[in-house]
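Protein chains in written order, with this note's numbering: chain A, 15 to 273; chain B, 15 to 273. By construction, the Cβ of each residue, glycine as well, lies at the ideal position given by its N, Cα and C atoms. The model shown is predicted, which means the values in this text are computed figures rather than measured ones. One structure below.
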DNA sequence: CGTCACATTGATGTCTGTCAAGAATCGTGG
DNA sequence: CCACGATTCTTGACAGACATCAATGTGACG
């Protein structure tokens, strides 16, 4: 619960957005500047509440956060995990009040960014526009994968798939090793992510442990053989969109980016 | 399967995007112009294939389309339905090759729009930028609701919730009445949407019919008492973001929209 | 008229949920 | 340092939802 997620040396936002576009020093400076006003949050503290008028855009700098919805007054469905470098509610500048909740999972540092600043970046500078939009689209892509997982994968592979994703996403921001990463998720949280009960999470984790696929200790996840776990759950990282595409440069020219 | 979805009198794209921003005549003309090159598709014909280099952006003008993923070679998970006025792959101008498939569900008319044209609109004109981005963000919001539904609602309420959503989304583009709308989904399709088997879909539909909540005839869905069905499945349309927000105008001023 | 996909129903099995009860862990305060 | 409560985590017994297997009926279409 209080496992501290390592702070990457560089700005996690810049680390993440490398995959969105090739940013120059000026772009990076603009991005880094967004993270100036920092705020610390307790675990479980809400960052965004559904229906609230958006005061600004929030960015996770340290720790984990998560999105969730409440269904039928009592059931909570976790909709996604937010790691350092992820925007919580970039969409609010367009959509307005959020339709879901966002809360700190671990102790967190977040940046509060005034709407207008992001707004100006998004709708004036086309390369940054592309990059910030890219960030929301990757979110959407991850949601599609989670939905596919929920619908078609049995619970054990669903957990395994989630673990593969978390290892990789944390590696992106320098918060994980080759075969291990922080995993500050309690079993009740995992249950809400996977749409199953805590009790089942416990049993499945035991089975995965017995199969030698994972090891959990001190709120860290160890994966002895990443390839084996990936094969087990049919993990294909394409949906994270981590490859720079050669054809994007051409598209950027068309859009008239040439600084 | 071959039920023809009514063509709204006005351009469905313009009808849909009304909720994204207040567009002037010039904006509407630009949007309408996007839909000039039309193409007809057979049911089940793929519009976008995962991994393919994106040739352009696709827009549904008539009929239904759907997104899906294939898991473990054989299991298909439907990730969303695309109705007239919905972009299939607006995200491709930023993300590149799609990470999922998109196919026609009924006979469809789609517009093929060259990447560059959308690209120019998105990254040059800030009001249209906001509007097109809005469209993708609503997609994302619907995905979150589907995921929540999948994780926390039992199958019967999941179907009911889907039906409420479909009735409303079709009303938006003038393709539905007060209490009925086209429903060109076969039971195997519904099964893939809900993550259950065809057999179960059949039984659940029977139960809903016996409960007097729905009637299905000639590929149309009739909902005798919409309020009752909404109550049954806890349907709250907030996630569709159909309200214009007063504070957006202010934000638009900041972004320098005032044409 | 035969084929094929869709739709319906029954019998049975399995995954996951519910109920119940301990055990382990952790933060807090005495 | 220990005690305490509060979460977690774990395990068992049982029930229910949904899957699988099988069979039959229906309708569209060549």
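- Between residue 73 of chain A and residue 125 of chain A a beta carbon distance of about 4 Å is seen, short of the 8 Å cut, so the two are scored as contacting.
- Under DSSP, residue 166 of chain B takes part in no beta bridge, so it has no partner.
- Within the region 216-250 of chain B, the complete beta strand (DSSP E) segments at least 3 residues long are 229-231 and 234-236, listed from N- to C-terminus.
- One thing to note: residue 108 of chain A has its Cβ no nearer than 8 Å to the Cβ of residue 104 of chain B.
- With a minimum length of 3 residues, the unbroken runs of beta strand (DSSP E) contained wholly in the region 114-153 of chain B fall at 115-118 and 122-128.
- Using a Cβ-Cβ cut-off of 7 Å, residue 253 of chain A is close to 113 of chain B, given in chain order.
- In the DSSP assignment, residue 91 of chain A falls within the beta strand (DSSP E) that extends over 89-96.
- Here residue 59 of chain A has 118 as same chain residues with Cβ atoms under 6 Å from its own Cβ, once five neighbours each way along the sequence are excluded.
- Neighbours of residue 162 of chain B in chain A, taken as residues at a C-beta separation under 7 Å, are given in chain order as 83, 85, 91 and 93.
- Counted as a single uninterrupted DSSP element, the stretch harbouring residue 40 of chain A is not any beta strand (DSSP E) but the alpha helix (DSSP H) occupying residues 39-48.
- The beta carbon of residue 209 of chain A sits closer than 8 Å to some beta carbon of chain B.
- Comparing C-alpha distances from residue 241 of chain B to each of B/201, B/175 and B/161 shows the shortest one belongs to B/175.
- At a beta-carbon threshold of 8 Å, the residues of chain A lying near residue 143 of chain B are 136, 137 and 143, ordered along the chain.
- None of the residues of the region 178-199 of chain A has a beta carbon lying less than 9 Å from any beta carbon of chain B.
- With contact defined as three or more Cβ pairs closer than 8 Å, the region 160-171 of chain A and the region 202-219 of chain B are in contact.
- Taking the Cα of residue 197 of chain B as reference, the smallest distance to any Cα among B/178, B/30, B/41 and B/35 is reached at B/178.
- Counting of Cβ neighbours within 10 angstroms places residue 202 of chain B among the exposed residues, the total staying below 16.
- In terms of Cβ geometry, residue 193 of chain A and residue 255 of chain A do not form a close pair [threshold 8 Å].
- Pairing residue 122 of chain A with residue 45 of chain A gives a Cβ-Cβ distance that is not under 8 Å.
- Going by DSSP, residue 68 of chain B is part of no beta strand (DSSP E) at all; its letter is neither H nor E.
- When B/212, B/225, B/253 and B/199 are compared, the shortest CA-CA separation from residue 232 of chain B is found for B/199.
- Annotation for residue 55 of chain B: the continuous beta strand (DSSP E) segment containing it runs 52-55.
- Look at residue 75 of chain B here: in three-state DSSP terms it is strand.
- At least one beta carbon of chain A lies nearer than 8 Å to the beta carbon of residue 165 of chain B.
- Around the beta carbon of residue 183 of chain A, a 10 Å sphere encloses 16 or more other beta carbons of the protein chains shown; the residue is thus reported as buried.
- Residue range 194-196 is occupied by the beta strand (DSSP E) that includes residue 196 of chain A.
- With its beta carbon at least 8 Å from every one in chain A, residue 29 of chain B lies outside the interface.
- Going by beta carbons, residue 99 of chain A and residue 37 of chain A fall outside the 8 Å limit.
- The Cβ of residue 201 of chain B sits no closer than 8 Å to any Cβ of chain A.
- In the structure shown, residue 33 of chain A adopts coil according to DSSP, grouped into three states.
- Taking 8 Å as the CB threshold, residue 150 of chain B lines the interface with chain A.
- Residue pairing by DSSP leaves residue 171 of chain A without any beta bridge partner.
- For the pair residue 141 of chain B and residue 61 of chain A, the Cα-to-Cα distance works out to about 28 Å.
- Beta-carbon to beta-carbon, residue 114 of chain A and residue 93 of chain A are separated by about 6 Å, close enough to satisfy the 8 Å threshold.
- For residue 36 of chain B, no Cβ of chain A is located within less than 8 Å of the residue's own Cβ.
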